[in-house]
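Novice:
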Amino acid sequence: MSFDLSVISNKKIILAVTGGIAAYKSAILVRRLKDFGFDVRVVMTKGAQAFITPLTFQALSGNPVHTELLDPEAEAGMGHIELARWADLVLVAPASCDTIAKFSAGLANDLLSTLYLATKAPVWIAPAMNQQMWAAKATQRNLNTLVEDGVHVIMPEAGSQACGDVGLGRMPEPEALAQQIMDYFHRAQRAIAEKFGMLAGKRVVVTAGPTREAIDPVRYISNHSTGKMGFAIAAACYAAGAKVTLLAGPVSLDTPNGVRRINVSSAIKMLDESMHQLEEGCDIFIATAAVADYRVAEVAEHKIKKAGDELNVSLVKNPDIVATIAQQTKRPFMVGFAAETRNVEEYAAGKLVAKKLDMIACNDVSRADIGFASDENAMTVFFADQYQLEKRDLEKASKQDIAQQLVEAIHDALHYEIEPV
Ligand code: C5P
């Protein structure tokens with residue numbers, strides 16, 4: 001099975017609807033899948049169209065509905081092979097006896113049967129039929145073949161049927177089906193995270209350290225940031241399977257193993273390099289750098305000579321790197337940092353909104369035992385979940401340990417799994 005690591009809610013589902021009265025439930029199923037954020041394309045067999053119209057599914061899915069195999073116009077849009085490749089999962093719901101028989105025999109005489117043979121994506125079927133047809137030896141034989149072929153069968157439920165019979169054969173409710181698919185993607189994602197690391201396949205850019213703003217060729221303005229937190233985060237991201245680029249201001253730290261380091265000096269250089277990294281491809285941008293808020297308006301070409309009791313240097317505001325990246329149209333998942341001495345959480349939450357971040361990690365630098373030059377840290381992470389702020393406390397620990405906890409928080413936020421407080 002092929003499986004890419006993008007966010008679950010971007011997954012693409014083909015919902016194939018076949019002929020059966022349960023097809024009416026498939027309309028609601030499209031809605032539920034869309035509620036989870038899946039991109040849904042509907043394929044209908046001839047039989048399905050006797051029960052419900054393609055127009056209904058087109059309106060609900062927001063995508064054209066695919067019905068024909070040998071229609072040149074449809075093939076020119078998205079042909080059966082393209083459709084087969086597009087899908088991350090194919091769900092046949094309801095799956096009729098006829099479709100099950102076709103799949104089991106390997107026929108390829110309509111769009112759905114062809115797509116079934118052509119896709120590498122997992123195929124799920126939700127059989128729905130009269131209880132006698134379900135129990136029929138031929139149906140059970142065909143289903144066994146499909147299970148052996150790797151198809152996941154969602155068992156029908158028992159109950160009263162449209163035909164008046166009572167027994168096994170009802171399609172589960174759309175809510176339950178959509179939830180099962182969501183759970184499946186979560187399980188698959190977790191399995192990959194366990195095997196390869198939480199950020200496997202992700203490209204991460206970390207800014208770290210202070211920036212240095214020149215006054216003249218020998219003097220500069222800077223701050224006390226050591227870059228330790230950023231370097232620890234870069235190392236933790238690499239350990240979690242990410243491809244990491246570290247944009248480091250002037251610090252005296254060794255480059256973490258496996259991390260690509262680019263040294264920069266001023267805020268302007270850090271911004272230029274950040275933009276460049278964005279063009280090269282970046283899924284997660286983590287801004288830990290203590291960027292100087294101001295730079296010298298005009299850097300003197302030559303060393304400024306000592307003269308008089310006062311020297312005035314005019315400063316201008318530096319660009320906000322993290323906020324600038326967050327404004328780009330194809331922006332990565334944005335993580336910022338806030339070091340505050342009071343009202344820590346309030347200011348941090350304000351920054352999250354003002355800078356349009358997805359997550360902010362804040363610490364109280366007034367505490368003598370943590371922060372800047374210390375080897376230990378404690379943080380609170382906020383992340384924006386569309387309408388509300390969610391919060392996670394990272395317990396006081398070494399910066400390495402905090403970095404790992406942060407990686408977990410990023411992983412969870414990417415997959416919408418953080419528990420609200
Ligand atoms: O506004 P403040 O400096 O407190 O915000 C801190 C966050 O913004 C950090 O993530 C820091 O790396 C980022 N930042 C930035 N560019 C600036 C100032 C701050 O990327 N010019």
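Under UniProt numbering, think of the first position of the sequence shown as 1, with each following residue one higher. Using N, Cα and C, we set each Cβ at its ideal position, and we do this for glycine too.
Below 7 Å, is the gap between the Cβ of Thr380 and the nearest heavy atom of ligand 1?
Specialist: It does not: the Cβ of Thr380 is nowhere closer than 7 Å to a heavy atom of ligand 1.
Novice: Taking the Cβ atom as the reference point for each residue, do His80 and Pro122 lie within a distance shorter than 8 Å?
Specialist: No, they are not a contact pair.
Novice: Per DSSP, which one or two residues make a beta bridge with Asp216?
Specialist: Answer is Arg219, bridged to Asp216.
Novice: So, is the C-beta of Phe38 closer than 8 Å to a C-beta in chain D?
Specialist: This model lacks chain D altogether; it includes just one protein chain.
Novice: Is there at least one non-hydrogen atom of ligand 1 closer than 7 Å to the beta-carbon of Asn343?
Specialist: No, the beta carbon of Asn343 sits no closer than 7 Å to any heavy atom of ligand 1.
Novice: Leaving aside the five residues before and after Gly258 along the sequence, list all residues of the same chain whose C-beta is less than 6 Å from its C-beta, in chain order.
Specialist: Within the same chain, Gly258 has close Cβ partners Tyr238.
Novice: Going by the beta-carbon positions, is the gap between Val365 and Glu340 smaller than 8 Å?
Specialist: Cβ distance < 8 Å, so Val365 and Glu340 count as in contact.
Novice: Measuring only from the beta carbon, is Asp183 closer than 7 Å to any heavy atom that is part of ligand 1?
Specialist: Result no, Cβ not under 7 Å from ligand 1.
Novice: Could I get the ranges of all uninterrupted beta strand (DSSP E) runs contained in the segment 88–148, with 3 residues as the minimum, in chain order?
Specialist: Within the segment 88–148, the complete beta strand (DSSP E) runs of at least 3 residues are 89–95 and 123–127.
Novice: Compare the C-alpha of Val90 against each of Leu414, Val17, Gly308 and Lys195 and name the closest.
Specialist: Checked all of Leu414, Val17, Gly308 and Lys195; the closest Cα to Val90 is Val17.
Novice: Output needed for Glu157: all residues of its chain with C-beta closer than 6 Å, excluding positions within five of it in sequence on either side, in chain order.
Specialist: Answer for Glu157: Arg170 and Pro172, listed in chain order.
Novice: Within its chain, find whatever has a CB closer than 6 Å to the CB of Arg260; leave out the 5 residues flanking it on each side and keep chain order.
Specialist: Answer for Arg260: Thr245, listed in chain order.
Novice: Under 5 Å, CB to any heavy atom of ligand 1. Which residues pass, going along the chain?
Specialist: Output, sorted by chain position: Ala287, Ala289, Val291, Asn318, Asp320, Ile321, Val322, Gly336 and Phe337.
Novice: What number of angstroms, rounded off, separates the C-alpha of Lys11 from the C-alpha of Arg187?
Specialist: Cα to Cα, Lys11 sits roughly 14 Å from Arg187.
Novice: When the Cα atoms are used, what is the spatial distance from Lys34 to Val316?
Specialist: Spanning the two alpha carbons is a distance of roughly 48 Å.
Novice: Do the CB positions of Ala178 and Arg32 come within less than 8 Å of each other?
Specialist: Yes, Cβ-Cβ distance for Ala178 and Arg32 is below 8 Å.
Novice: For Ser252, is the classification buried or exposed, using 16 other Cβ atoms within 10 angstroms of its Cβ as the cut-off for buried?
Specialist: Per the 10 Å Cβ criterion, exposed.
Novice: Is DSSP giving Lys12 helix, strand or coil here?
Specialist: Residue state, collapsed to three classes: strand.
Novice: Tell me whether Cys237 sits in a helix, a strand or coil according to DSSP, three-state version.
Specialist: Here Cys237 sits in helix by DSSP.
Novice: Name the two residues that bound the continuous alpha helix (DSSP H) containing Val407.
Specialist: Where Val407 is concerned, the enclosing alpha helix (DSSP H) stretches over Lys399 to Leu414.
Novice: Measuring CB atoms only, is the segment 109–122 touching the segment 70–86, in the sense that at least three cross pairs come out at less than 8 Å?
Specialist: A contact exists between the segment 109–122 and the segment 70–86.
Novice: What are the boundary residues of the alpha helix (DSSP H) that Ile321 is part of?
Specialist: Here the alpha helix (DSSP H) through Ile321 covers Ile321 to Ala326.
Novice: For the pair the segment 44–52 and the segment 95–114, tell me if three or more CB-CB distances fall below 8 Å.
Specialist: Result yes; three or more Cβ-Cβ pairs closer than 8 Å.
Novice: Specify the secondary structure class of Lys355 as computed by DSSP and reduced to three states.
Specialist: Residue state, collapsed to three classes: coil.
Novice: Go ahead and label Ser398 buried or exposed: buried means 16 or more other beta carbons lie within 10 angstroms of its beta carbon, across all protein chains shown.
Specialist: Exposed is the call here.
Novice: Can you give me the C-alpha to C-alpha distance between Gln277 and Gly106, rounded to a whole angstrom?
Specialist: Computed Cα separation, rounded: 48 Å.
Novice: Do you know how far the Cα of Phe231 is from the Cα of Ala208?
Specialist: Rounded to whole angstroms, Ala208 to Phe231 spans 7 Å at the Cα level.
Novice: Between Asn343, Met198 and Lys391, which lies nearest to Met359 when the distance is taken from Cα to Cα?
Specialist: For the residues Asn343, Met198 and Lys391, the minimum Cα distance to Met359 belongs to Lys391.
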